[in-house]
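Some notes on the structure that comes next.
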Amino acid sequence: MIFVTVGTQLAFDRFVGAMDEWCGANPSVRVFAQVGPTKLAIRHMEHEQFISQERANQLFLDARIIVTHAGMGSVLTGLKYRKPVLIVPRKASLNEHRNDHQLATAKWLAKLSGIHVVWDEKDLASTLDGLEHIQGGAQISEFATPELLNNLNKFISE
Amino acid sequence: MQLLRLRPAFQDHQVEYVCTNESNQIDVTAKMHVVTDANIWQKVKLIIMFMEVAWIVLKFRPDIVITTGAAPGYAAIIFGRLFGAKTVWLDSIANHDELSSSGRHAGRWATVWLTQWEHLSVENGPAYWGKVL
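This is the structure we're talking about:
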């Protein structure tokens, strides 16, 4: 199963449309998408606008691969469960976000194992066609770096 | 999500959470308050959210406020400061090229203003104490 998520704040129709098209061409692959506040007519892909945290967690666990915008919540959860995370960053020039922090985020995330960035939605289909070769990374810690935790703990206990 | 990765830093203390989505309760055993989600462009929602956060801070009277943003975190920093708490603004790790706009404003109110990127830390601006990942 492929779990697709765009976060809860904004629609991301360029991405959702490309995913829906790929689903139309690949009906044998199970896909579930959380698509946010979209007005797009989605034809081929099982989807909901919003889902509970509990359901999302289960989908993250069950998925073979996570396909998402460059939102830290989705990316961190995917990495925590050692799933391959395929990222399509939002662009401010297309009104997909208020600024281009997702492009910057995707740039540094791309260096981590288990992260695969698709810069152009036109390349999404060919990337997903090679699905079986997309690997997850090593497990990340459930918590922040010891450096940050120690510094915060010191401040709290002062 | 980033905030939850900080849990070991405050595990020995009494903690209450504030968030905008009630289904996040499954991630924490501590008490969680849900407030209205609002961004800077939604003025009415923003005012309601600020009042909700003010009420929570007034009732709970925290010694410490820690937030990773955005608008509700800003409100918590302001009311935390007014009611005598030490406050920490940890800018999201997503802000690699520049600080978030909420961070630029809220950071000045916080006792400790942090970025997760060393290259963004400056004198009289955010400090770098480490990353959530």
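Heads up: the protein sequence lines correspond to chains A and B, in order.
Read in order, the letters of the first sequence correspond to residues 1105 to 1262 in the working numbering.
Read in order, the letters of the second sequence correspond to residues 44 to 176 in the working numbering.
Backbone N, C-alpha and C define an ideal beta-carbon position, used for all residues, glycine too.
Nearest-angstrom Cα separation, counted from residue j out to residue i
i          : j          : result
Ile-1146/A : Gln-57/B   : 46 Å
Val-1108/A : Lys-174/B  : 26 Å
Lys-129/B  : Gln-1157/A : 30 Å
Val-1133/A : Glu-1236/A : 12 Å
Thr-110/B  : Ala-1129/A : 44 Å
Phe-1074/A : Asn-1255/A : Residue 1074/A is absent from the structure shown; chain A starts at 1105 and stops at 1262.
Met-1123/A : Ala-1229/A : 8 Å
Asp-1204/A : Leu-1180/A : 19 Å
Thr-1209/A : Pro-51/B   : 25 Å
Leu-49/B   : Phe-1247/A : 6 Å
Ala-137/B  : Ser-1217/A : 18 Å
Gly-146/B  : Gly-168/B  : 10 Å
Ala-73/B   : Ser-1197/A : 41 Å
Asp-134/B  : Leu-1232/A : 33 Å
Pro-105/B  : Gly-127/B  : 8 Å
Gln-1239/A : Leu-1183/A : 11 Å
Glu-182/B  : Met-44/B   : Not covered by the structure: residue 182/B. The range shown for chain B is 44 to 176.
Phe-1119/A : His-1201/A : 13 Å
Ile-1260/A : Leu-1253/A : 10 Å
Pro-1141/A : Gly-150/B  : 31 Å
Gln-1113/A : Val-1222/A : 21 Å
Residue from the options whose Cα sits closest to the Cα of residue i
i          : options                                           : result
Ile-90/B   : Gln-68/B, Val-71/B and Tyr-117/B                  : Tyr-117/B
Asp-1224/A : Val-1192/A, His-1237/A, Val-1139/A and Asn-1254/A : Val-1192/A
Thr-1172/A : Ala-1129/A, Asp-1166/A, Arg-1194/A and Gln-1162/A : Arg-1194/A
Ser-1245/A : Tyr-1185/A, Glu-1125/A, His-1220/A and Asn-1203/A : Tyr-1185/A
Met-1149/A : Pro-1141/A, Phe-1136/A and Leu-1253/A             : Phe-1136/A
Lys-1215/A : Ser-1230/A, Gly-1241/A and Lys-1226/A             : Gly-1241/A
Cys-1127/A : Lys-1211/A, Ala-1174/A, Gly-1177/A and His-1151/A : His-1151/A
Ala-1174/A : Asp-80/B, His-139/B and Leu-101/B                 : His-139/B
Ile-83/B   : Asp-55/B, Ala-113/B, Lys-102/B and Asp-106/B      : Ala-113/B
Ile-1170/A : Arg-1202/A, Leu-1190/A, Asp-1233/A and Gln-1206/A : Leu-1190/A
Phe-103/B  : Phe-53/B, Glu-161/B and Met-75/B                  : Met-75/B
Neighbour flag for residue i against chain A, beta carbons, 8 Å
i         : result
Met-94/B  : no
Asn-173/B : It should be noted that the sequence gives Gly, not Asn, for residue 173/B. At least one chain A Cβ lies under 8 Å of Gly-173/B.
Asp-140/B : yes
Val-165/B : no
His-56/B  : yes
Met-75/B  : no
Ala-128/B : no
Arg-147/B : no
Gln-45/B  : yes
Ala-119/B : no
Ala-137/B : yes
Ala-52/B  : yes
Val-155/B : yes
Glu-131/B : A small correction: the amino acid at residue 131/B is Val; Glu does not occupy that position in the sequence shown. Yes, its Cβ sits closer than 8 Å to a Cβ of chain A.
Interface residues of chain B facing residue i [CB-CB closer than 9 Å]
i          : result
Asn-1199/A : Within 9 Å Cβ-Cβ: nothing; Asn-1199/A doesn't reach chain B, min ~13 Å.
His-1205/A : Ser-135, Ala-137, Asn-138, His-139, Asp-140, Glu-141 and Ser-143
Leu-1190/A : Ordered by position in chain B, no residue passes the 9 Å Cβ test against Leu-1190/A, which lies about 18 Å from the chain.
Proximal residues to residue i (C-beta, below 7 Å), its chain only, five neighbours per side dropped
i          : result
Gly-1121/A : Leu-1144
Arg-1168/A : Met-1105 and Ile-1106
Trp-172/B  : Leu-157
Pro-115/B  : Val-61, Thr-63, Val-78, Met-92 and Val-96
Leu-163/B  : Leu-142 and Pro-169
Residues of its chain near residue i, where Cβ-Cβ distance is below 6 Å and the 5 sequence neighbours each way are ignored
i          : result
Thr-201/B  : Since the first residue shown for chain B is 44 and the last is 176, residue 201/B is missing from the structure and cannot be characterised.
Leu-1213/A : Ile-1219
Val-71/B   : Tyr-60
Leu-46/B   : Thr-111
Ile-1155/A : Gln-1138
Ile-121/B  : Trp-152
Arg-124/B  : Thr-130 and Trp-152
8 Å Cβ cutoff, residue i in contact with chain B
i          : result
Ala-1242/A : no
Glu-1225/A : no
Asn-1255/A : yes
Trp-1126/A : no
Thr-1209/A : yes
Leu-1114/A : no
Within chain B, partners of residue i - CB distance below 7 Å
i          : result
Ser-1156/A : Ser-66
Ala-1248/A : Arg-48, Leu-49, Gly-173, Lys-174 and Val-175
Leu-1165/A : Those within 7 Å of Leu-1165/A in chain B number zero; the least Cβ separation is about 13 Å.
Gly-1177/A : Met-44
Contact test: residue i Cβ vs the ligand GTP heavy atom, cutoff 7 Å
i          : result
Gly-1121/A : This structure lacks the ligand GTP; in fact it carries no ligand of any kind.
Interface residues of chain A facing residue i [CB-CB closer than 7 Å]
i        : result
Leu-89/B : In chain order: nothing, as chain A lies at least about 15 Å away.
Other residues of its chain near residue i: CB distance less than 8 Å, five sequence neighbours each side excluded
i          : result
Gly-1177/A : Gly-1111
Asn-64/B   : Val-77 and Asp-80
Ser-66/B   : none
Leu-176/B  : Arg-48 and Ile-136
Proximal chain A residues relative to residue i, where beta-carbon distance stays under 9 Å
i         : result
Asp-70/B  : Gln-1157 and Asn-1161
Ile-107/B : Phe-1259 and Ile-1260
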